[in-house]
Amino acid sequence: MTPSYLLRRLFYGLLLMLGVVVLNFLLIRLAPGDPAVVIAGEMGGADEALLAAIRADYGLDKPVLTQLGIYIGNVLQGDLGQSFFFNQPVATLIGDRIGPTILLVLCAQVISILLGVFLGVIAARKPNGVLSGFVSVFATIGYAVPVFWTGIMLIILFASVFPIFPVEGMQSVRLRDAGFMIRALDVAHHLVLPAFTLALIYLAQYARLSRASMLEVLGSDYIRTARAKGASERSVLFKHALRNASLPILTVAGLQFGNLISGALLVETVFNWPGMGRLAFDSILRRDYPTIMGVLFFASAMVVVANLLTDLSYRLADPRLRGKS
Amino acid sequence: MSALLQIEDLRVTFNTRYGPVTALDSVSLSVNAGETLGVVGESGCGKSITALSVMGLIPSPPGKIAGGAIRLAGEDLTQASEARMRALRGAEMAMIFQEPMTSLNPVFTVGDQIAEAIMLHQKVSADQAFRDAVALLDRVGIPSPDRRARDYPHQLSGGMRQRVMIAMAVSCRPRVLIADEPTTALDVTVQAQIFDLLNEIQRDFGAAIILITHDMGAISEMADRVAVMYAGRVIEQGRADDVLDLPQHPYTRGLISCIPALGKGEDTLREIPGVVPPLHMLGAGCAFADRCAHRAPRCDSEKPLLQAHGHHPVACHAVAEGRI
Ligand SMILES: Nc1ncnc2c1ncn2[C@@H]1O[C@H](COP(=O)(O)OP(=O)(O)OP(=O)(O)O)[C@@H](O)[C@H]1O
Ligand code: SF4
Ligand SMILES: [Mg+2]
């Protein structure tokens with residue numbers, strides 16, 4: 000893995016982000032509806048003079064390409080524009096909410112990979128066993144059930160039947176002034192349900208994928224070599240086989256990251272998690288275009304970064320790819 | 000005195016979509032310390048399954064040892080616990096596989112893979128095991144072994160990888176070393192080097208070697224005794240010189256006449272016409288009957304058993320009846 004390779008990947012990542020910015024802008028502008036009317040609506044009424052003033056104010060009277068140029072220039076300087084609704088810089092709005100979203104997404108990713116792979120490995124040990132069948136059924140259900148449904152079911156379950164996990168928000172009001180550790184535990188406590196809800200679909204997929212991948216690897220010649228050395232079954236499974244079986248899992252984990260983020264937006268809405276999801280949801284309803292574009296921008300940036308990290312970890316895990324470009 | 004490794008009446012079956020088939024039937028073989036037993040036969044005759052049975056590595060399911068015994072220094076391995084087998088594998092008996100390109104784990108360095116084999120059976124530190132691994136790589140003739148030990152399998156050629164496999168197999172000085180077609184996947188020049196290496200290692204370590212091959216030339220150079228297998232049975236067995244010079248079974252004769260005479264080139268290579276019947280099609284008679292010039296009615300109804308005849312045992316009605 001050479002520095003020049005890293006630089007090239009970084010460069011492509013930036014290029015991709017630029018493409019995303021242009022595409023976002025054009026998509027929003029091509030959508031029906033006049034932003035000036037929306038803004039005027041927020042202000043409580045619209046006559047032609049006001050609309051014209053608003054258009055001039057927000058640069059909406061210029062040709063679309065000029066607007067695009069201005070927008071890109073602003074984005075490059077870290078200015079994502081002003082929210083029509085909140086009347087605050089979009090960057091500030093997102094900055095306040097991106098932390099909880101990243102926390103939720105990373106937790107869900109870690110839970111789904113660790114648990115999914117563990118289930119898959121155990122299932123692969125006895126491909127015709129009970130657990131293996133359970134994993135297959137569970138994977139199919141987990142894949143088929145929509146995430147908001149799982150979320151609502153969990154809310155019903157934990158709000159009324161077993162009230163042990165909070166079903167709403169990220170922090171308890173009464174603990175807001177407590178010490179850091181207590182607050183961290185409080186956030187973790189609130190995180191359980193949303194993170195598991197989000198993890199569930201992917202967990203099932205990882206379980207199925209790692210079961211299949213392990214089954215394939217377990218039939219290979221080098222596994223027989225490991226057994227011929229006298230390696231224990233545990234070492235065969237978790238050392239010799241899993242390291243190889245993890246390669247396709249890594250690939251999928253990288254590809255799934257985008258879906259995970261869009262899933263997070265839904266889960267946040269269901270559990271009232273104070274992340275970008277609710278901001279996105281609210282700004283779409285309110286046609287708050289700069290905010291929508293900002294959210295899309297950050298979500299894409301997260302996907303680009305995640306893909307870059309996946310690619311790097313893939314190279315770390317597979318020595319055959321090191322040194323190649 | 001009984002042999003170091005003694006296989007008695009071994010029977011291995013596989014569950015297949017044609018129902019259960021018998022991959023090995025009444026296989027009896029033995030090999031002494033310091034001795035090399037050659038096992039020859041066409042593809043699919045059960046050579047690898049025999050080796051894997053000894054190692055306790057028959058893929059199960061679908062396979063299982065359905066009868067017989069495998070005694071290593073008197074201990075019956077078919078009755079041994081899995082824990083006992085793990086302790087023996089790699090330490091008392093080791094195996095070199097037919098597929099050098101795929102038999103090493105692609106994500107670990109070759110040095111680590113050898114060191115692992117050492118640490119599984121000896122109480123040494125990881126550093127010491129790695130140093131031992133480097134020494135073994137040197138022993139099997141790998142140049143700049145300390146650098147190579149840090150290489151991954153994909154950075155080595157097939158011949159190098161097979162040397163690594165040999166280094167790994169002999170790392171704990173096993174008493175029995177099974178080499179399953181160690182050279183089929185390699186160049187001719189490399190083949191000779193690998194055989195030389197096996198000879199040297201046997202001299203150094205005094206191991207009993209079971210050399211599986213379908214290369215009669217290798218047998219004549221390496222083996223003290225030879226067993227010829229056909230469709231899951233041993234059909235002729237004896238001292239290598241006897242079997243090579245005076246083959247009795249029609250199949251063995253065919254095999255030996257197939258060896259290209261030295262210097263005449265590839266086009267003189269002949270093959271025995273016909274193919275080995277698939278296991279699920281084996282009937283009541285001799286499995287070689289379809290390809291045999293000496294076939295008689297009895298051959299279709301009665302399986303010939305291994306019986307002493309002339310210098311060495313052979314399983315053929317025609318030989319037993321003195322027809323050939
Ligand atoms: N997993 C399995 N399931 C069913 N049958 C099997 C299985 N493995 C091996 N066999 C059968 O056992 C027989 C012997 O196979 P084996 O691998 O021992 O042949 P071999 O003599 O080593 O051949 P080669 O020279 O090609 O390596 C084959 O006919 C094969 O059909
Ligand atoms: S038993 Fe009969 S068929 Fe079989 S090899 Fe001998 S002569 Fe040929
Ligand atoms: Mg074989």
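Protein chains in written order, with numbering that gives the first Met the number 0: chain A, 0 to 324; chain B, 0 to 323.
For glycine and all other residues, C-beta sits at the position ideal for the given N, C-alpha and C.
A quick note: this is a predicted structure, and the numbers were derived from the prediction, not measured.
CA-CA distance, Tyr11/A to Ser143/B, rounds to 40 Å. DSSP places Glu91/B in the coil class of the three-state scheme, outside both helix and strand. Nearest C-alpha to Gly18/B among His310/B, Thr182/B and Gly62/B: Gly62/B. At least one beta carbon of chain B lies nearer than 8 Å to the beta carbon of Asp220/A. In the three-state reduction of the DSSP assignment, Phe256/A falls in the helix class, which pools H, G and I. Not a single heavy atom of ligand 2 lies less than 7 Å from the C-beta of His308/B.
In the assembly as shown, Ile112/A is a buried residue. Its beta-carbon has 16 or more other beta-carbons within 10 Å. Annotation note: the region 110-168 of chain A contains the following uninterrupted alpha helix (DSSP H) runs of length 4 or greater, listed N- to C-terminal: 129-143 and 146-155. A distance below 7 Å between beta-carbons, with the five flanking residues on each side excluded, links Thr196/A to the following residues of its chain, in chain order: Val146, Thr149, Gly150, Leu153 and Val266. The three-state secondary structure of Thr212/B, taken from DSSP, is coil. Collapsing the DSSP output to three states places Gly68/A in a helix. By the rule that beta-carbons nearer than 8 Å mark a contact, Arg85/B touches chain A.
Residue Ser102/B holds the alpha-carbon nearest to the alpha-carbon of His239/A among His153/B, Asp299/B, Ala72/B and Ser102/B. Distances from the CB of Ala230/B to the heavy atoms of ligand 2 are all 7 Å or more. Of the candidates Arg224/B, Val233/B and Met228/B, Arg224/B places its Cα closest to the Cα of Asp244/B. In the structure shown, Pro88/A falls within a strand segment according to DSSP collapsed to helix, strand and coil. The Cβ atoms of Leu9/B and Ala222/B lie no closer than 8 Å to each other. Among the CB atoms of chain B, one or more fall inside 8 Å of the CB of Asp317/A. Distances from the CB of Phe13/B to the heavy atoms of ligand 1 include at least one below 7 Å. At a C-beta separation below 8 Å, His311/B has no neighbours in chain A, since its nearest C-beta there lies roughly 31 Å away. Closer than 7 Å to some heavy atom of ligand 3: that does not describe the Cβ of Asp220/A. According to DSSP, Val38/B shares a beta bridge with Ile211/B and Ala226/B. In terms of CA proximity to Ala65/B, Phe13/B leads the group Leu28/B, Ala125/B, Glu115/B and Phe13/B. Thr250/A is outside the set of residues whose beta carbon lies under 8 Å from a beta carbon in chain B. Of Cys291/B, Pro246/B and Leu176/B, the smallest CA-CA separation from Leu71/B is found for Leu176/B.
The C-beta separation of Gly158/B from Leu185/B comes to about 5 Å, placing the pair in contact by the 8 Å criterion. Among the residues facing chain A, Ser59/B is not included, as its CB has no counterpart in that chain under 8 Å away. Neighbours of Gly229/A in chain B, taken as residues whose beta carbon is under 7 Å from its own, are Arg85, Ala86, Arg88, Gly89, Ala90, Leu119 and His120 in chain order. A distance below 7 Å between beta-carbons, with the five flanking residues on each side excluded, links His293/B to the following residues of its chain, in chain order: Pro249, Ala317, Arg322 and Ile323. If you draw a straight line from the Cα of Ile69/B to the Cα of Tyr313/A, it is about 45 Å long. Contact annotation: the region 275-290 of chain B touches the region 229-248 of chain B, with at least three C-beta pairs closer than 8 Å.
Among the bridge pairs identified by DSSP, Glu235/B is matched with Val227/B and Val313/B. Neighbourhood of His239/A in chain B, by CB distance below 7 Å: Asn104, in chain order.
Not a single heavy atom of ligand 3 lies less than 7 Å from the C-beta of Gln5/B. Considered as a whole, the region 105-188 of chain B harbours 175-179 as its complete beta strand (DSSP E) runs of no fewer than 3 residues, in chain order. Near ligand 2, residues with a Cβ at less than 7 Å from any of the ligand's heavy atoms are His248/B, Pro249/B, Tyr250/B, Cys285/B, Phe287/B, Ala288/B, Cys291/B, His293/B, Arg294/B, Ala295/B, Cys298/B, Pro303/B, Cys315/B, His316/B, Ala317/B and Val318/B; the list follows chain order.
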